[in-house]
Amino acid sequence: MKKLLIWGAGDQGLVTLECALAMNAYEQIDFLEIKEKGSRKIINHTVFKESEFDKVVKLYDEVIVATGSNDLREEKIKMLLAFGIPLATIVHPTALISSFAKIGSGTTILANVIININTKVGIGCIVNNGAIIEHDCMVGNYVNICPKFAMAGHSSIGYKSYLGIGSTVIDDIRIGNRVTVGAGAVVVSNISDNIVAIGVPAKKMLVDK
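In this text, residue positions in the sequence shown follow UniProt numbering: the first is 1, and each later residue adds one.
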């Protein structure tokens, strides 16, 4: 069995730990802190300081970046790729993923997620508990999808977008890059880049600069 290093020891790191433990695929799982707090223990798992990156990362077979910040996740994943360090893909055993779907490296898929046929999920995404992504959809790199999100077929989400808890995207919708969709919003029309949208139906509120 392999050894996993989780880069990020906050809330997302703990969620990722539980998911990785459920996979029963790793003999050892430890953390690398993103914010310097000093070496410590979390539930019997070692937490290394980020300044120890060079010596620590070589001790593990795979690394998963665990932070809810799309910007930080992209930064850390690109660093790992530049050094040729293998990225883990973490998928909870209760997730239902079509054998015809494609999941990018460095992505975490949590419990009870459904990803249907011919759908592609990019690099470094987080797909939270109970989210549904229907057939023939496209999710860009470094996207964060919150629990109970639902996306109908033939729709797409752009790079580094954030989909709030319980939000919905109807079929054949295009959501641009760096879009934020608020909790419970229902997206019924296309959204261009850098927009924040809330409400039912979702309406543009401001441009995120």
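C-beta atoms are modelled at their ideal positions from N, C-alpha and C, and glycine is treated no differently. Keep in mind it's a predicted model, so treat the numbers as computed, not measured.
On the three-state DSSP scale, how would you describe F48? strand
Kindly indicate which residue of K49, N70, L32, L21 has the alpha-carbon position closest to the one of G158. N70
Does the segment 148-163 come into contact with the segment 172-181, if we say contact requires no fewer than three beta-carbon pairs (one atom in each stretch) closer than 8 Å? yes
Since I believe A9 is in contact with I42 (beta carbons under 8 Å), could you give me their beta-carbon distance rounded to a whole number of angstroms? 6 Å
Assuming A111 and N129 are in contact, meaning their beta carbons sit under 8 Å apart, how far apart are those beta carbons, in whole angstroms? 5 Å
Alpha carbon of T107 to alpha carbon of V63, nearest angstrom: 11 Å
Is DSSP giving A82 helix, strand or coil here? helix
Which residue marks the beginning of the alpha helix (DSSP H) containing L5, and which one marks its end? Per DSSP, L5 belongs to no alpha helix (DSSP H); it is in the beta strand (DSSP E), 2-7.
Could you tell me how far apart the beta carbons of L72 and I34 are, in whole angstroms, since I believe they sit closer than 8 Å? 7 Å
Identified DSSP bridge partners for M138: K120, S156
Can you tell me whether T16 is helix, strand or coil according to DSSP? helix
Excluding sequence positions up to five away, which residues of its chain have a Cβ less than 6 Å from the Cβ of I195? V179, K204
For the putative contact between C146 and G124, defined by C-beta atoms under 8 Å, what is the C-beta separation to the nearest angstrom? Contact flag wrong, Cβ pair sits at about 16 Å.
Need the endpoints of the alpha helix (DSSP H) that F53 sits in, please. 53-56
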